[in-house]
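Visitor:
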Amino acid sequence: MLDKDIKSMTCAEIAGLCSSLGLPSYRAGQIFEWLQKRGAMSYDEMTNIPLSLRKELSVKHPIRSCSIELKQVSRIDGTVKYLFRLSDGNFVESVLMKYKYGYSLCVSSQVGCKMGCSFCASTKNGCVRSLLASEILGQIHAAQRDMDVRVSHVVMMGMGEPLDNFDNTLRFLELVGDDKGLNISLRNISVSTCGLVPGIYRLMDSGFPITLSVSLHAPNDELRSQIMPVNKRYPLAQLIKACKEYTDRTSRRISFEYAMIKGVNDSDTCARELSRLLRGMLCHVNLIPANEISESSHKRSTADRLKIFSSILMNEGINVTVRRSLGSDIDASCGQLRNRHKKENAKKEAIT
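Its first residue numbered 33, the sequence shown is counted upward by one per residue in our numbering.
Quick look at the structure:
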């Protein structure tokens, strides 16, 4: 679809398009800047492009939009939760967070998710489709435009599994780091995976200097397979081997995400198992108080349990932090807002 989706094209590809239309070469740079740096949602915004060309491009290469359907702003910390409507009427979610270093946006890579993790709202209705690179970029453009800020950090931890949408994820990384576009340093981008081992090796081969975040959430195969079906296909031995090779090849530290679920994976025994599993690796463990969702009976661990679990890891020489909960009053866990919006619309349709 890259040949039709102009916002997913590189500047060189747009140059080829312009050449095929008999246009001067400088038009490619103008169009690329409008699409990538300025985030134009319509050709009407491209005021330095001839009207006739804008009309032709709008017919042959429509810009895929990403518009705000719903927006929630936390009264606690200012975190902003977006529900974006895509051109085909599907919805995805993003979360804009403010830190001391600037603004970070958590973006979605798919409409829904097929991975089936028991604690995640995104996967409850399956996966509708993968997003194009332009639609991932569009989330950044829409948030920047709405809040009049510059996003300096991106985490691909929203709805979907980025490595299950590998080609579009790689194209997104290529475009988002382009100095003629958003020019976001790839070192400020985290790509999350639930453990798709082949994708980790492909990402390693790509050479992009991103941070790899692995959703681990359990220290042994039995427990991990219960809450994360992907572990049955790629068990921990395979996953950890791939992670070690990734750090050896790239010299970049891996972040292991660990959602703390009360009475499930937060025991002292689990902490010690996790320490043994990761000992000696170039890694960091990010403990996350689990988001409680209506579709699951899982509850978040208590603050005391988080503290004890963290202490055990630190005493075993594991680098660990507890993630600060942001947007707790606005359904900041990805998937929640989309699911609620779908339910409300279904009720309205049933009444009418």
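Cβ atoms here follow ideal geometry from the backbone N, Cα and C, with glycine treated the same way.
1. Using the Cβ count rule (16 or more neighbours within 10 Å means buried), how would you classify V139?
2. Kindly indicate which three-state DSSP category Y131 falls into: helix, strand or coil?
3. Using the Cα positions of T111 and L55, report the straight-line distance between them to the nearest angstrom.
4. What does DSSP give as the partner residues of K113 in its beta bridges?
5. Have a look at V187, I172 and V186 and flag the residue whose alpha-carbon is nearest the alpha-carbon of D180.
6. Determine whether the Cβ of A250 lies closer than 7 Å to any Cβ atom of chain B.
7. Using only the alpha-carbon positions, how far apart do D35 and S166 sit?
8. Could you tell me the alpha carbon to alpha carbon distance between V262 and D196, rounded to whole angstroms?
9. Thinking C-alpha only, which one of L268, L255, L309 and Q270 is nearest I293?
10. Using CA coordinates, which residue listed in R107, V105, F288 and C98 is at the minimum distance from D386?
11. Determine the closest residue to R265 out of G227, C159 and S283, with distance taken between C-alpha atoms.
12. Do L53 and Y75 count as a contact pair if the criterion is CB distance below 7 Å?
13. From C50 to L207, what does the alpha carbon distance come to, in whole angstroms?
14. Cβ of V124 within 7 Å of Cβ of V143?
Guide: Straight from the coordinates:
1. buried
2. In the three-state scheme derived from DSSP, where H, G and I count as helix and E and B as strand, Y131 is classed as strand.
3. Roughly 44 Å separates the two Cα atoms.
4. Residue pairing by DSSP puts K113 in a beta bridge opposite Q104 and V127.
5. Nearest C-alpha to D180: I172.
6. The question asks about chain B, but that chain is absent: this structure has only one protein chain.
7. Here D35 scores only 47 on pLDDT, less than 50, and its place in the model is too uncertain to base an answer on.
8. 12 Å
9. L255
10. The first residue shown for the chain is 33 and the last is 384, placing residue 386 beyond what the model contains.
11. G227
12. Cβ distance not < 7 Å, so Y75 and L53 don't count as in contact.
13. 19 Å
14. Judged by their CB atoms, V124 and V143 are nearer to each other than the 7 Å cut-off.
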